[in-house]
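Peer 1:
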Amino acid sequence: MYFREHMNKLDKEGSLIKVKKEVGVDIEAAAVLKAVEPSPLLFEKVKDYPNFRVAGNIFCTKQSIADYFGIPTSGLIPKLTEAIDNRNPPEEISDAPCKEIVMEGVDLNKLPILKHNERDGGRYISSAVVVTKDPELGQNLDFHRAMQFEATKMSTRIIKGRDFYKFLERAGELEAAWCVGNTPNVLVAAATSVKTGINELEIANALSKTQVTRATSVDLLIPAGSEVVLEGRVYMKDRSTEGPFIDLTETYDIEREEPIFEVKKITHRKDPVWQALLPGALEHKVLMGMPREPTIFKSVNEAGVKCLDVNVNPGGSSWLHAIVRIDKQNEEDGKTAIHAAFAGHRSCKHVFVVDKDIDIYNSLDVEWSMATRFQAERDLVDIGKEPGSSLDPSAEPGTKITNKIGFDLTAPLVTKGKSFARAEFPKVDLKKYIDE
Ligand SMILES: Cc1cc2nc3c(=O)[nH]c(=O)nc-3n(C[C@H](O)[C@H](O)[C@H](O)COP(=O)(O)O)c2cc1C
């Protein structure tokens, strides 16, 4: 199912907020989206853009992504692991929705690109899946925010180490397509960090059937159901100021000189819907953090500890914290899991390992296990200083050196004093006592 069809389904189910009042793309739309987060919302009338509708908050929660795949949230880690391991080339079609309309000339001012906040450097595309290709390594999918600074040009943030960065370093300049308006098969696949050379569209297709089509002016296969596609070239040495912009940690990222994306062609579906994605907000977080959970899960299990679940939670900016639930069999399991979790997600700063009776989606429960089961001298693992995340404002500027710490919040297997088990009250049938 494509983005639009999924949105229509949400509408039929009654879970889509529809705003009929005209809204502006300059701050106003973002402010409304933030106010209703995590509810999905569609702006039906967009000031200055009568041909477009704007939708946002469509995939703000793991539940919304699990619902798209028709599975429980507990099935997301196995589903993503399976898709990464058993990739599957997508079907190529020629008559694709994303090419229904080819815009005449290129003028980015004709797209309802949002400015999200007063201090932002400009109007930003934040939801696009970026398709690029290296002549030898093949296609890659990434996310790269892009700030408009001219009618045909944007500056785009490409972090060193990303596959796109590696491709650009080799080629100097590359064809690229920014694809806006996609579903979680494509979005989540693009957010995974897999071995360079793996085409994430094959992961997307393994997650759920994905069709691709050849772009109109660049030699790239793009998600066929995208609402809007911006085709063009990115230049490594040709740079322009990018930023400030709100990052995953909800703090402002700095201005930098970043590569220019020159847009040469724009295509879109009939009656296009522009997908907005609020920077630093829940949708950004869930897409960043969720694809790291399978890698941590795998790493902990491979270290010989029975890992039951992992939550890279929004409280930790969906990047800097990992909560790992284990079935503890040996006294050392908590500490072993801490080291393995850091190996599974190098940007993580704090790892919390809990027993199987703890609900890792309830921060009060996790805190309870820290309050009742943790002794710093025995259970704190100080990894010391290591490279962490460039997104963390407390990491050393420039080097991203950070102090990584693990918290073993599991109870000792042998209880010497009070029991660590939570006392349960008897269950009753409330209907017997309280009239509905
Ligand atoms: C919503 C969203 C926005 C992102 N924005 C950027 C960005 O602007 N620049 C960047 O380099 N990475 C950004 N990322 C991260 C990467 O694109 C993403 O982690 C990707 O998996 C890296 O893939 P690679 O390992 O194939 O290079 C973003 C991720 C998400 C989910």
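Note that the sequence shown covers residues 196 to 631 in the numbering used here.
Using N, Cα and C, we set each Cβ at its ideal position, and we do this for glycine too.
What's the gap between the Cα of G511 and the Cα of L303?
Peer 2: By one-based count along the sequence shown, residue 511 stands at place 316. By one-based count along the sequence shown, residue 303 stands at place 108. Distance between the alpha carbons of G511 and L303: 35 Å.
Peer 1: On the DSSP bridge list, what partners appear for T327?
Peer 2: Working through the sequence shown from its first residue, we reach residue 327 at position 132. DSSP, once it has assigned bridges, lists N335, A371 as partnering T327.
Peer 1: By alpha-carbon positions, which one of I320, D329, A471 ends up nearest to T391?
Peer 2: Residue mapping note: residue 391 aligns to position 196 of the sequence shown, counting from 1. Nearest C-alpha to T391: D329.
Peer 1: Count the other CB atoms within 10 Å of the CB of I288; is the residue buried (16 or more) or exposed (fewer)?
Peer 2: Against the sequence shown, residue 288 aligns to sequence position 93. By the 10 Å Cβ count, I288 comes out exposed.
Peer 1: Hey, quick one: how far does the beta strand (DSSP E) through H463 stretch, first residue to last?
Peer 2: Walking along the sequence shown from the start, residue 463 turns up at place 268. Taken as a continuous stretch (DSSP letters only), the beta strand (DSSP E) holding H463 covers 451 to 463.
Peer 1: Take every Cβ of the region 456 to 473, pair it with every Cβ of the region 407 to 424, and state whether three or more of those distances are shorter than 8 Å.
Peer 2: Touching, yes, given that three or more Cβ pairs across the two stretches are closer than 8 Å.
Peer 1: Which of the three DSSP states, helix, strand or coil, is assigned to P592?
Peer 2: In the sequence shown, residue 592 corresponds to position 397, counting from 1. Looking at P592 - three-state DSSP - the assignment turns out to be coil, as it is neither helix nor strand.
Peer 1: I need the straight-line Cα distance from P588 to F440, nearest angstrom please.
Peer 2: In the sequence shown, residue 588 corresponds to position 393, counting from 1. In the sequence shown, residue 440 corresponds to position 245, counting from 1. If I take the Cα positions, the gap works out to 14 Å.
Peer 1: Considering only the beta carbon of each residue, do E426 and S435 sit closer than 8 Å?
Peer 2: The count along the sequence shown starts at 1 and reaches residue 426 at position 231. The count along the sequence shown starts at 1 and reaches residue 435 at position 240. No, Cβ-Cβ distance for E426 and S435 is not below 8 Å.
Peer 1: Can you determine whether any heavy atom of ligand 1 sits closer than 7 Å to the C-beta of A226, and answer yes or no?
Peer 2: Within the sequence shown, the letter at position 31 stands for residue 226. No; taking the cut-off as 7 Å, the Cβ of A226 has no heavy atom of ligand 1 nearer than that.
Peer 1: Alpha carbon to alpha carbon, what distance is there between T268 and A261?
Peer 2: Position 66 of the sequence shown holds residue 261. Position 73 of the sequence shown holds residue 268. Between A261 and T268, the C-alpha separation is close to 5 Å.
Peer 1: Which runs of the alpha helix (DSSP H) fall wholly inside the region 538 to 611 and span at least 4 residues, in chain order?
Peer 2: Fully enclosed alpha helix (DSSP H) runs of 4 or longer: 558 to 568, 571 to 574.
Peer 1: Secondary structure at E397, three-state DSSP: helix, strand or coil?
Peer 2: Here the question's residue 397 lines up with position 202 in the sequence shown. Here E397 sits in helix by DSSP.
Peer 1: What span of residues does the beta strand (DSSP E) with I518 cover, start to end?
Peer 2: By 1-based counting over the sequence shown, the position of residue 518 is 323. 516 to 522 is the span of the beta strand (DSSP E), which, as asked, contains I518.
Peer 1: From the DSSP output, in three-state form, read off P474 for me.
Peer 2: In the sequence shown, residue 474 corresponds to position 279, counting from 1. Coil at P474, not helix or strand.
Peer 1: If we ignore side chains and look at the alpha-carbon of each, how far apart do D206 and F537 end up?
Peer 2: By one-based count along the sequence shown, residue 206 stands at place 11. By one-based count along the sequence shown, residue 537 stands at place 342. Their Cα atoms are separated by approximately 41 Å.
Peer 1: I'd like to confirm something about A566: is its beta-carbon nearer than 7 Å to some heavy atom of ligand 1, or not?
Peer 2: Along the sequence shown, read from residue 1 onward, the residue named residue 566 stands at position 371. The answer is no for A566.
Peer 1: Is the CB-CB distance between L363 and I354 below 8 Å?
Peer 2: Within the sequence shown, numbered from 1, the residue matching residue 363 stands at position 168. Within the sequence shown, numbered from 1, the residue matching residue 354 stands at position 159. Cβ distance not < 8 Å, so L363 and I354 don't count as in contact.
Peer 1: Would you decide whether A606 is buried or exposed? Buried here means 16 or more other CB atoms lie within 10 Å of its CB.
Peer 2: Along the sequence shown, read from residue 1 onward, the residue named residue 606 stands at position 411. Counting Cβ neighbours within 10 Å, A606 comes out buried, since at least 16 surround it.
Peer 1: Output needed for W469: all residues of its chain with C-beta closer than 6 Å, excluding positions within five of it in sequence on either side, in chain order.
Peer 2: Taking the first residue of the sequence shown as position 1, residue 469 is located at position 274. So the qualifying residues of the chain are F247, V249, P307.
Peer 1: What ranges does the beta strand (DSSP E) occupy inside the region 218 to 260, keeping only unbroken runs of at least 3 residues that lie completely in it?
Peer 2: List check, beta strand (DSSP E) in window: 236 to 238, 248 to 251.
Peer 1: Cβ-heavy atom distance between I353 and ligand 1 below 7 Å?
Peer 2: Against the sequence shown, residue 353 aligns to sequence position 158. Correct: I353 has its Cβ closer than 7 Å to ligand 1.
Peer 1: With the cut-off set at 8 Å, would you say D327 and V458 are in Cβ contact?
Peer 2: Residue mapping note: residue 327 aligns to position 132 of the sequence shown, counting from 1. Residue mapping note: residue 458 aligns to position 263 of the sequence shown, counting from 1. The sequence as given places Thr at residue 327; Asp does not occur at that position. Not closer than 8 Å, so no.
Peer 1: Flag R357 as yes when its Cβ comes closer than 7 Å to any non-hydrogen atom of ligand 1, and as no otherwise.
Peer 2: Numbered from its first residue, the sequence shown carries residue 357 at position 162. Yes, the beta carbon of R357 sits closer than 7 Å to at least one heavy atom of ligand 1.
Peer 1: Report the CB separation of G539 from S513 in whole angstroms; it is logged as a contact under 8 Å.
Peer 2: In the sequence shown, counting from the first residue as 1, residue 539 sits at position 344. In the sequence shown, counting from the first residue as 1, residue 513 sits at position 318. Wrong, their Cβ atoms sit about 15 Å apart, outside the cutoff.
Peer 1: In whole angstroms, what is the alpha-carbon distance linking P345 and Q334?
Peer 2: Taking the sequence shown and counting its residues from 1, the one referred to as residue 345 is at position 150. Taking the sequence shown and counting its residues from 1, the one referred to as residue 334 is at position 139. Before going on, a small fix: residue 345 reads as Glu here, not Pro. Approximately 28 Å between the Cα atoms of the pair.
Peer 1: If you run the structure through DSSP and keep just helix, strand and coil, what is V481?
Peer 2: In the sequence shown, the residue the question calls residue 481 occupies position 286. Here V481 sits in helix by DSSP.
Peer 1: Determine whether the beta carbon atoms of G316 and E437 lie at a separation below 8 Å.
Peer 2: Residue mapping note: residue 316 aligns to position 121 of the sequence shown, counting from 1. Residue mapping note: residue 437 aligns to position 242 of the sequence shown, counting from 1. Cβ atoms of G316 and E437: closer than 8 Å.
Peer 1: Which value, in whole angstroms, describes the spacing of the CA atoms of C543 and D624?
Peer 2: Stepping through the sequence shown from its first residue, residue 543 is reached at position 348. Stepping through the sequence shown from its first residue, residue 624 is reached at position 429. Going from the Cα of C543 to the Cα of D624 covers about 44 Å.
Peer 1: Please tell me whether, using a cut-off of 7 Å, the distance from the CB of F198 to the nearest non-hydrogen atom of ligand 3 is below it.
Peer 2: This structure lacks ligand 3; the ligands present are ligand 1.
Peer 1: Decide if L559 is buried, meaning its Cβ has at least 16 other Cβ atoms within 10 Å, or exposed.
Peer 2: Start at 1 with the first residue of the sequence shown, and residue 559 comes out as number 364. Burial call: exposed.
Peer 1: Just verifying my parser: in three-state terms, what is the DSSP assignment at G511?
Peer 2: If you number the sequence shown from 1, residue 511 lands on position 316. Reduced to three states, the DSSP call for G511 is helix.
Peer 1: According to the Cβ coordinates, are A386 and A410 closer than 8 Å?
Peer 2: Residue mapping note: residue 386 aligns to position 191 of the sequence shown, counting from 1. Residue mapping note: residue 410 aligns to position 215 of the sequence shown, counting from 1. No, these two residues do not count as a Cβ contact at 8 Å.
Peer 1: Identify the residues that DSSP records as bridge partners of R409: which are they?
Peer 2: Numbered from 1 along the sequence shown, position 214 holds the residue referred to as residue 409. R409 pairs with L416.
Peer 1: Counting pairs of beta carbons, one from the region 214 to 221 and one from the region 233 to 244, are three or more of them closer than 8 Å?
Peer 2: Yes, the region 214 to 221 is in contact with the region 233 to 244.
Peer 1: Since H516 and H545 should fall inside the 8 Å C-beta cutoff, what is the C-beta to C-beta distance between them, to a whole number of angstroms?
Peer 2: If you number the sequence shown from 1, residue 516 lands on position 321. If you number the sequence shown from 1, residue 545 lands on position 350. With 8 Å as the limit, H516 and H545 qualify as a contact, their Cβ atoms being about 5 Å apart.
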